[in-house]
Amino acid sequence: MNALGTVEKPIVFTSMDDPEYNGGIGNFARQWGGIKINSTGTFNGDNIKLRNACAIAKRESNILVYGKLNLLNSEIKKGYSAGIYFDTDISPILKFNIFSQNYYGVYNERS
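So that you can map any letter, position 93 of the sequence shown is 136 in the working numbering, and since no number is skipped, the others follow by simple counting.
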């Protein structure tokens, strides 16, 4: 999957109730399952905002990685546990990203 935004027009993945993006009010955390990258998959992200996810399959993270992740210039925020949860031996490319309000910014099960 490719999610390639720009500084002026980032791609936003969040709950439809997120008030920062014209959603409703109330508890909007953990309302969607986040992004899962399967063992044969690749996610290329640039200038994305990923918020409020809960990948129930593993550790309630915004991004669950079994495959390859290339993430640049992005914001990973309010993951219920980890912003990014790795369960892979494939080395990611992570540059110029901001992690905030996650219990863990990045968690690697295989370290």
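A virtual CB, placed ideally from N, CA and C, is assigned to each residue, including glycine.
Using CA atoms only, rank isn't needed, just tell me which of LEU137, ASP89, PHE139 is closest to PRO53. ASP89
Using 10 angstroms around the beta-carbon of VAL50, count the other beta-carbons present and answer buried if the total reaches 16, otherwise exposed. exposed
Compute every distance between the C-beta of LEU114 and the non-hydrogen atoms of the ligand NAP, then say whether any falls below 7 Å. Inclusion of the ligand NAP in the displayed structure is not the case, the ligand content being empty and no account of it being possible.
Using a 10 Å radius around the Cβ and a threshold of 16 neighbouring Cβ atoms, would you call THR83 buried or exposed? exposed
What separation, rounded to the nearest whole angstrom, lies between the Cα atoms of LEU137 and ALA96? 19 Å
Whether LEU93 touches ASN105 by CB criterion (8 Å): yes
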